[in-house]
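Student: Handing you a structure now.
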Amino acid sequence: MSPIPPLLSVIVPCFNEEEVIEHTHARLSAALRAITPDHEIIYVDDGSRDRTAELLGRLQAGSPVVRVLRLARNFGHQIAVSAGLDYAGGHAVVLIDADLQDPPEVIGDMVAKWREGFHVVYGQRTDRPGETRFKLATARAFYRLINRLSEVPIPLDTGDFRLMDRAVVDALKRMREKHRLLRAMTSWVGFQQAAVPYKRAERFAGDSKYPLRKMLALALDGIVSFSAVPLKIVTTVGFAFSAVALLGIFYAVGLRLFTDNWVPGWTLIFIAVMLIGGLQFIFLGVMGEYIGRIYSEAKDRPLFLVMEELGFDGRREEAGRSRPTVVSAVE
Ligand code: UDP
Ligand code: MG
386 MSPIPPLLSV
396 IVPCFNEEEV
406 IEHTHARLSA
416 ALRAITPDHE
426 IIYVDDGSRD
436 RTAELLGRLQ
446 AGSPVVRVLR
456 LARNFGHQIA
466 VSAGLDYAGG
476 HAVVLIDADL
486 QDPPEVIGDM
496 VAKWREGFHV
506 VYGQRTDRPG
516 ETRFKLATAR
526 AFYRLINRLS
536 EVPIPLDTGD
546 FRLMDRAVVD
556 ALKRMREKHR
566 LLRAMTSWVG
576 FQQAAVPYKR
586 AERFAGDSKY
596 PLRKMLALAL
606 DGIVSFSAVP
616 LKIVTTVGFA
626 FSAVALLGIF
636 YAVGLRLFTD
646 NWVPGWTLIF
656 IAVMLIGGLQ
666 FIFLGVMGEY
676 IGRIYSEAKD
686 RPLFLVMEEL
696 GFDGRREEAG
706 RSRPTVVSAV
716 E
C-alpha cells in the first residue's frame with residue numbers, strides 16, 4: 386500500500402466529446418476536490434475531430450491540476466486509456482468515461498476501499514438506464530462467453546470505471562500487447578480486488594462512440610487475447626470430422642469394389658464436401674485471428690503517438706513514472 390498523502394490521478398479518454406466535456410469537468414473536479422486536493426486530471430484527446438481539443442486546452446489553462454494528452458489520431462478507447470496510464474503519476478489511478486455515465490462521486494467510495502488496502506476497485510453496474518435492450522443483452526452474452534472461454538475471469542457488469550493502485554498500474558504498463566481489453570488485463574494482474582456498486586447513468590449528451598462494430602471487435606479481443614480455447618475447439622472438431630471422413634472413404638471404396646451400386650450416393654459426397662469445405666474456412670478464419678495478432682505483435686509498433694502534452698511539467702519525475710519525450714513513440 387502506498388503511504389498517505391496519496392496523489393490521485395484520474396484518466397478521462399475523450400473522442401468527440403465537445404457537448405459534454407465542460408460539464409464533465411465541472412462535476413468531476415467538484416467530486417475530486419471533496420476527496421483530496423492532491424489530484425490530477427488527465428484528459429486524453431483520442432484524435433477528436435470536433436472542438437474537444439480546443440475546449441480541453443482551455444480547461445488546462447484554467448487549472449493547475451488538469452493535464453491534456455493529444456494523441457496523433459484516433460487510436461481507440463483502450464489505447465487512449467493506456468496512454469493516460471503511462472503519464473499518470475498518482476499513487477492511485479482512476480479510469481472514467483467522459484460522458485458522465487460513470488458518476489464521479491463514486492470515486493470517493495473507490496478511494497475509501499483503496500485505503501482499506503484493495504489494489505483494484507472496480508465499479509459494478511447495478512442499473513443501466515438509457516441503454517438499448519440489445520446492448521444489454523449483447524454485453525451480458527459477451528461476459529458469459531468470455532468467462533467460459535478465458536483462463537482469467539472478468540467480473541460481471543464491469544466496464545473500465547475503476548481505481549487501480551500504483552503497483553497494478555506499473556504491472557499494466559509492462560503489458561504492451563496491441564490488442565487490449567484493460568478490464569481483462571486488470572483481472573489477469575491479480576492483487577486484491579474489490580467491487581463498488583453504482584448506478585450507471587445515461588450518457589449526458591452526444592452519441593455513443595461505441596457502435597456495434599467496435600463492440601464486436603472488443604469482444605473478439607477479449608476472447609482471442611485471453612484464451613486459446615477456440616484453437617483447441619478447432620483441433621478437436623477437425624479430428625472428429627477426419628474420423629467421419631475416413632469411415633466415409635471405407636464406405637465409398639467398399640461400394641465401389643464389392644457392389645454395382647456406386648453411382649448413386651453423390652448427394653452424400655456433395656454434402657460432405659460442402660460441409661468440410663465450410664468448416665475449413667471457419668477454422669482458417671480462427672487461425673487467421675491468432676496469426677493476425679502475432680503479426681501485429683511482431684511488428685512491434687508503438688501503442689500510440691502523442692502529438693501534444695499540456696500541463697505535465699510540474700510532475701515530471703513523479704512516482705517512478707517512466708516518461709516518454711515530447712512527440713514520442715511510446716513502446
Ligand atoms: N472513446 C475514445 N476513443 C474512441 C471511442 C471512445 O477515447 O475511439 C471514449 C469516449 O470519449 C468516452 C469513452 O471512451 O469517454 C466511452 O465511450 P462511449 O461513452 O461512447 O461508449 P459507451 O458508453 O457507449 O459504451
Ligand atoms: Mg458512454
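Numbering-wise (my numbering), the sequence shown opens with residue 386 and increments by one.
All residues carry an ideal CB built from backbone N, CA and C; glycine is no exception.
For Gly432, count neighbouring C-beta atoms within 10 Å of its own C-beta (all shown protein chains included) and say buried if the count is 16 or more, exposed if not.
Tutor: Residue 432 sits at position 47 when you count from the first residue of the sequence shown. By the neighbour-count rule (16 or more Cβ atoms within 10 Å), Gly432 is buried.
Student: Find the nearest neighbour of Leu541 within the set Ala522, Tyr595, Leu393, Asn459, judged by alpha-carbon distance.
Tutor: For this step, residue 541 is matched to residue 156 along the sequence shown. If we check each option's Cα against that of Leu541, Ala522 comes out closest.
Student: With DSSP collapsed to three states, give me the class of Glu402.
Tutor: Here residue 402 refers to the residue found at position 17 of the sequence shown. If DSSP states are grouped into helix, strand and coil, Glu402 belongs with coil.
Student: Comparing the CB of Arg458 with every heavy atom of the ligand UDP, is any distance shorter than 7 Å?
Tutor: Residue numbering aside, residue 458 sits at position 73 when the sequence shown is read from its first letter. Incorrect: Arg458 has no Cβ contact closer than 7 Å to the ligand UDP.
Student: Out of Asp430, Arg585, Arg443, which one is the CA nearest neighbour of Ile464?
Tutor: The count along the sequence shown starts at 1 and reaches residue 464 at position 79. It is Asp430 whose Cα lies nearest to the Cα of Ile464.
Student: Less than 7 Å separating the Cβ of Asp484 from some heavy atom of the ligand MG?
Tutor: Numbered from its first residue, the sequence shown carries residue 484 at position 99. True, at least one ligand heavy atom lies under 7 Å from that Cβ.
Student: Roughly how many angstroms lie between the CA atoms of Phe697 and Ile481, to the nearest whole one?
Tutor: Walking along the sequence shown from the start, residue 697 turns up at place 312. Walking along the sequence shown from the start, residue 481 turns up at place 96. Taking the straight line joining both Cα atoms gives about 20 Å.
Student: Comparing C-alpha positions only, which one of Thr421, Gly677, Val581, Glu682 sits nearest to Phe503?
Tutor: Locating residue 503 in the sequence shown gives position 118, where the first residue counts as 1. Of the listed residues, the one whose Cα sits closest to Phe503 is Val581.
Student: Counting only the same chain and skipping the five closest in sequence on each side, list residues whose C-beta sits under 8 Å from that of Phe689.
Tutor: For the purposes of this step, residue 689 is taken as the residue at position 304 of the sequence shown. Excluding sequence neighbours, Phe689 sits near Leu456, Ala457, Phe460, Ile464, Ala465, Ser467, Ala468, Val715.
Student: Would you mind listing the alpha helix (DSSP H) stretches within the stretch 610-690 that are 4+ residues and don't spill past its ends, in chain order?
Tutor: The qualifying runs are 614-643, 651-684.
Student: Going by DSSP in three states, Thr571 sits in which element: helix, strand or coil?
Tutor: Sequence index remark: in the sequence shown, residue 571 carries index 186 (1-based). The answer is helix: DSSP assigns Thr571 an H, G or I state.
Student: Can at least three beta-carbon pairs, one atom from the stretch 578-593 and one from the stretch 389-405, be found at a separation below 8 Å?
Tutor: Yes, the stretch 578-593 is in contact with the stretch 389-405.
Student: May I have the straight-line CA-CA distance separating Arg529 from Val691, to the nearest angstrom?
Tutor: Position 144 of the sequence shown, counted from the start, is the residue given in the question as residue 529. Position 306 of the sequence shown, counted from the start, is the residue given in the question as residue 691. Using only the alpha carbons, I get a separation of about 36 Å.
Student: Counting only runs that start and end within the stretch 531-577, where is the alpha helix (DSSP H) found for 4 or more residues in a row?
Tutor: Counting whole runs of 4 or more residues, the stretch 531-577 contains the alpha helix (DSSP H) stretches 551-558, 567-574.
Student: Which of the three DSSP states is assigned to Ile486 in this structure?
Tutor: To locate residue 486, count along the sequence shown from 1; it is residue 101. Position check: residue 486 holds Gln in this sequence, whereas Ile was assumed. Gln486: coil per DSSP, three-state reduction.
Student: Would you check whether the ligand UDP has a heavy atom nearer than 7 Å to the C-beta of Glu402?
Tutor: By 1-based counting over the sequence shown, the position of residue 402 is 17. Answer for Glu402: yes, Cβ within range of the ligand UDP.
Student: Thinking C-beta only, is Gly508 closer than 8 Å to Ile420?
Tutor: Numbered from 1 along the sequence shown, position 35 holds the residue referred to as residue 420. Numbered from 1 along the sequence shown, position 123 holds the residue referred to as residue 508. Contact: no.
Student: Report the CB separation of Asp550 from Trp499 in whole angstroms; it is logged as a contact under 8 Å.
Tutor: Within the sequence shown, numbered from 1, the residue matching residue 550 stands at position 165. Within the sequence shown, numbered from 1, the residue matching residue 499 stands at position 114. Yes, they are in contact, since the Cβ atoms of Asp550 and Trp499 sit about 7 Å apart, within 8 Å.
Student: Hey, which unbroken runs of the beta strand (DSSP E) at 3 residues or more fall wholly within the stretch 410-481?
Tutor: You should have 424-430, 451-456, 477-480.
Student: Under a three-way DSSP split, which group does Thr523 fall into?
Tutor: Taking the first residue of the sequence shown as 1, we reach residue 523 at position 138. Thr523: helix per DSSP, three-state reduction.
Student: Confirm, please, whether the CB-CB distance from His476 to Pro398 is below 8 Å.
Tutor: Taking the first residue of the sequence shown as 1, we reach residue 398 at position 13. Taking the first residue of the sequence shown as 1, we reach residue 476 at position 91. Result no, Cβ atoms of Pro398 and His476 do not sit closer than 8 Å.
Student: What residue does the alpha helix (DSSP H) around Asp494 start on, and which one ends it?
Tutor: Numbered from 1 along the sequence shown, position 109 holds the residue referred to as residue 494. Here the alpha helix (DSSP H) through Asp494 covers 491-501.
Student: Measure the C-alpha to C-alpha separation of Phe453 and Phe611 and round it to an integer number of angstroms.
Tutor: Residue 453 sits at position 68 when you count from the first residue of the sequence shown. Residue 611 sits at position 226 when you count from the first residue of the sequence shown. Before going further, note that residue 453 is Val rather than Phe in the sequence given. Using only the alpha carbons, I get a separation of about 32 Å.
Student: Rank Lys584, Pro449, Gly575 by C-alpha distance to the C-alpha of His505 and give the top, closest one.
Tutor: The sequence position of residue 505 within the sequence shown is 120, counting from 1. Rather than His, the amino acid found at residue 505 in this sequence is Val. Minimum Cα distance to Val505 is reached at Gly575.
Student: Which of helix, strand or coil does DSSP assign to Leu392?
Tutor: Reading the sequence shown from its first residue, position 7 is the one you call residue 392. Here Leu392 sits in coil by DSSP.
Student: Return helix, strand or coil for Asp698, following the three-state DSSP convention.
Tutor: Within the sequence shown, residue 698 is the residue found at index 313, counting from 1. Three-state DSSP puts Asp698 in a helix.
Student: Under a three-way DSSP split, which group does Tyr507 fall into?
Tutor: Position 122 of the sequence shown holds residue 507. Reduced to three states, the DSSP call for Tyr507 is strand.
Student: Quick one: measure Cβ to Cβ for Glu682 and Lys563, integer angstroms, because I've assumed they're closer than 8 Å.
Tutor: Residue mapping note: residue 682 aligns to position 297 of the sequence shown, counting from 1. Residue mapping note: residue 563 aligns to position 178 of the sequence shown, counting from 1. At roughly 6 Å, the Cβ-Cβ gap stays under 8 Å, so Glu682 and Lys563 are in contact.
Student: At a cut of 8 Å, does the stretch 652-672 reach the stretch 614-625 through at least three beta carbon pairs?
Tutor: With a cut-off of 8 Å, the stretch 614-625 and the stretch 652-672 count as touching, because enough Cβ pairs lie within range.
Student: Which class does Lys594 belong to by DSSP, given the choice of helix, strand or coil?
Tutor: Numbered from 1 along the sequence shown, position 209 holds the residue referred to as residue 594. The answer is coil: DSSP assigns Lys594 none of H, G, I, E or B.
Student: Any heavy atom of the ligand MG within a distance shorter than 7 Å of the CB on Arg588?
Tutor: The residue given as residue 588 occupies position 203 in the sequence shown. Yes, the ligand MG has a heavy atom inside 7 Å of this Cβ.
Student: Run through DSSP, which three-state label would Lys584 get?
Tutor: Position 199 of the sequence shown, counted from the start, is the residue given in the question as residue 584. It is a strand residue.
Student: Given that a residue counts as buried once 16 or more other Cβ atoms are within 10 Å of its Cβ, and exposed if not, what is Thr571?
Tutor: Sequence index remark: in the sequence shown, residue 571 carries index 186 (1-based). Looking at its Cβ environment, which holds 16 or more other Cβ atoms inside 10 Å, Thr571 is buried.
Student: Using a threshold of 7 Å, is the CB atom of Ser433 nearer than that to any non-hydrogen atom of the ligand MG?
Tutor: Position 48 of the sequence shown, counting from 1, holds the residue named residue 433. Checking every heavy atom of the ligand MG against the Cβ of Ser433, none is found closer than 7 Å.
Student: Tell me which residues share the same chain as Arg565 and place their Cβ nearer than 6 Å to its Cβ, disregarding the 5 neighbours each side in the sequence.
Tutor: As a working note, residue 565 is residue 180 in the sequence shown. Closer than 6 Å at the Cβ level, and outside the excluded window around Arg565, lie Gln463.
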